[in-house]
Amino acid sequence: MNQKSSNLSALPIFLAFLCMGFGDVVGPLTSQVQSDFHLSNFLAGLLTFMGFIMFGLLSIPLGIIQDRVGKRKVLIFGLAVALLGLILPIIGNFSSFVVLLVSILMLGAGATSLQVAGNPIMRDVSPEGKYSRNLSLGQFVKAIGSLSGSLVPLIAAKYWGLDWKILFPIYSAFIALTIVYILFAHIHESKPDENAKPATFKSCLSLLNNKFILAMVMGIFLYVGAEVSMSSKLPNYLADVFSYDIKKLGLLGTLFFFIAIMTGRFFGSVILNWMSPKRFLVITTILSIVGNLVLFFAPTATVAFVSIFIIGFGFANIFPLIFSITVDSMPEKANEISGLMVTAIIGGAVVPLLFGLVADYSNSIVAGFAVPLACLAYILLTALSTSKQVAK
10 MNQKSSNLSA
20 LPIFLAFLCM
30 GFGDVVGPLT
40 SQVQSDFHLS
50 NFLAGLLTFM
60 GFIMFGLLSI
70 PLGIIQDRVG
80 KRKVLIFGLA
90 VALLGLILPI
100 IGNFSSFVVL
110 LVSILMLGAG
120 ATSLQVAGNP
130 IMRDVSPEGK
140 YSRNLSLGQF
150 VKAIGSLSGS
160 LVPLIAAKYW
170 GLDWKILFPI
180 YSAFIALTIV
190 YILFAHIHES
200 KPDENAKPAT
210 FKSCLSLLNN
220 KFILAMVMGI
230 FLYVGAEVSM
240 SSKLPNYLAD
250 VFSYDIKKLG
260 LLGTLFFFIA
270 IMTGRFFGSV
280 ILNWMSPKRF
290 LVITTILSIV
300 GNLVLFFAPT
310 ATVAFVSIFI
320 IGFGFANIFP
330 LIFSITVDSM
340 PEKANEISGL
350 MVTAIIGGAV
360 VPLLFGLVAD
370 YSNSIVAGFA
380 VPLACLAYIL
390 LTALSTSKQV
400 AK
C-alpha cells in the first residue's frame, strides 16, 4: 500500500478514534448528572461503573467475533450501538436517570467495540513501520473527543445558556457521519490465516501463559487505572492542598491533564518517526514518574500545574505504545490480543478504589497518589525488560 492510499484509508479510522473519545464523557458528566437528578454519591458512581463494566464483559467476546467477521464490521457495530445509546435520552427528553444509565452502558459497549476493532485495524491502514506512530496519533485524536466532554458544556453554557445535554445531539451527528464514511470508504483489512484456528475464549486466555503478553496486559490494566485516578482526583488535590473551589476551579486540574495528554500524543506521533517504540516507552514512563513525584512536594499551585502537565505529557503515549509493541510481537494474534488489552481497561474501575482506600486510611489525598506512582513503577520495569522479552 503506497503512502497516499494509506493516508486515505486511515482517515475514517481516525474519525472512529474521535468517536471513541466520546465514551470518556462519563467522567465530566457524573457531577453534572448528580446535581440535576439530586443523586447520592453511590448512585452517581453507577454512571462510571456503567461506562467501564462493558470493557470487562465484552472485549474478549468481541475479539473472538472479530476474528470471524472482521474488524470493519465490529467497528461499525460499535458506532451503531453508541449512536443508539446517545439517541435514547434525547427521545426521553433527559427525564429518566434509568434511561441515562442505559445510555451510558450502550456508549460504553460502543467504546469497547471501537477499542477492540480500532487499535488493530489501524495497523492494517498504516504504512510499514508506522503503526506505533499512527496509533499515538489516533490516541491524540481520541483525546480531542475526550476533552470535548468538559469543554463543550462550558462553551455552550457561556454563549448559549445550554448544559451537558447538548453533547448528545452533537456526538450523535458525528457518529452518524462516521458510520456513513466507513461504510463507503475503501479500507484494506488484513484477514486471518485461513489455515489458522479461529479465535476462542481458550485461545485468548491461553495467551496469558506467555509472560510477555501477561506483563503487557497488566501494564494496560495499571496504566488505565492510574490515568483514571489522576483525572478524577486532581480536582480534590487542588481543593485540599491549595484551597481551590472544587466547583469553580477544581476541574481545571482535569482539563489541564487532558490538554497535556492531547499535546503529548501529537508530539509522540512525531517522535515515533525516528525513535523506537520500546525506547520511547521507557522515556515517557520516566517522565510520568518524575511529574508524579513533584506532585507530592509541590510548594505552590503553579508548581503543581507544571507537574500535572508533565504527568499528562508522559501518560499520553503509554497506552498506544504498550498496545502496538504487543500486537507487533504477535500480529497473527492481533484480534485475541486486542480483546485482552481492551478487557484490561477495566483497571479504570479497580485502581481508583485502591487510591481511595489509601487516601481515606492516611487521611491525605496526596498519599493516594502513591497508587498511580506504584502503577508507573511496574510499567517502567516492564518497559525496561521488553527488549529482552520476546513473545513466542
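Those letters in the sequence shown? Residues 10 to 401, per this note's numbering, in order.
Each residue gets a CB set at the ideal place from its N, CA and C atoms; glycine is no exception.
Beta-carbon gap between VAL125 and SER68 smaller than 8 Å:
yes
Just to confirm, is the Cβ distance from ILE184 to LEU88 under 8 Å?
yes
Report the start-end ranges of each alpha helix (DSSP H) in the region 302-350 that is 4 residues or longer and not cut off at the edges.
310-324 and 327-338
What's the gap between the Cα of ILE346 and the Cα of CYS28?
22 Å
Residue nearest to PRO244 in terms of C-alpha spacing, selected from TYR232, LEU264 and PHE230
LEU264
Nearest to MET63 (by Cα), restricted to the options ALA358, GLN75 and VAL161
ALA358
Would GLY158 be called buried (16 or more neighbouring beta carbons within 10 Å of its own) or exposed?
buried
Please classify GLY377 as buried or exposed, where buried requires at least 16 neighbouring CB atoms within 10 angstroms.
buried
Going by other Cβ atoms of all chains shown within 10 Å of its Cβ, with 16 needed for buried, is ASP33 buried or exposed?
buried
Rounded C-alpha distance that separates LYS211 from LEU163
47 Å
In terms of residues, what are the limits of the alpha helix (DSSP H) holding GLU236?
220-251
Let me know if ARG77 comes out buried or exposed under the rule of 16 or more other beta-carbons within 10 Å of its beta-carbon.
exposed
Do THR352 and GLY323 come within 8 Å of each other at the CB atom, strictly closer than that value?
no
Would PHE318 and LYS242 be called neighbours here (beta carbons separated by less than 8 Å)?
no
Consult DSSP for PHE103 and reduce its assignment to one of helix, strand or coil.
coil
Am I right that ASP249 and HIS197 are in contact with their C-beta atoms under 8 Å? What's the rounded C-beta distance?
Contact doesn't hold; Cβ gap of about 52 Å is too wide.
In chain order, what residues of the same chain lie with their CB nearer than 8 Å to the CB of LEU156, ignoring the 5 residues before and after it?
GLY30, LEU264, PHE267, ILE268 and MET271
Do PRO178 and ILE113 have their C-beta atoms closer together than 8 Å?
no
PRO340 and SER141 closer than 8 Å at C-beta:
no
Within 10 angstroms of the Cβ of GLY170, are there 16 or more other Cβ atoms? Answer buried if so, exposed if not.
exposed
Counting only the same chain and skipping the five closest in sequence on each side, list residues whose C-beta sits under 8 Å from that of THR187.
PRO21, LEU24, ALA25, LEU27, CYS28 and LEU88
Roughly how many angstroms lie between the CA atoms of LEU55 and SER316, to the nearest whole one?
31 Å
With 16 other CB atoms within 10 Å as the buried threshold, where does GLU236 fall?
buried
Exposed or buried, PHE149, counting other C-beta atoms within 10 Å across all chains shown (16 or more means buried)?
buried
Where the alpha helix (DSSP H) containing ALA358 begins and where it ends
356-371
Using 8 Å as the threshold, is the C-beta distance between SER116 and ALA91 below it?
Contrary to the premise, residue 116 reads as Leu rather than Ser in this sequence. Closer than 8 Å, so yes.
Quick check: what's the CA-CA separation for ARG81 versus LYS206?
20 Å
Please state the DSSP three-state secondary structure of ILE73.
helix
Does TRP173 pass the burial test, meaning 16 or more other C-beta atoms within 10 Å, or should it be called exposed?
buried
Near MET131, which residues of its chain fall below 6 Å by C-beta distance, leaving aside the five closest residues on each side in sequence?
ILE22, ASN143, LEU144 and GLY147
Alpha carbon to alpha carbon, what distance is there between SER44 and PHE103?
14 Å
Chain-order list of residues whose beta-carbon lies under 6 Å from that of PRO329 (same chain, five-residue window excluded)
LEU144, SER145 and GLN148
THR335 beta carbon less than 8 Å from that of MET225
yes
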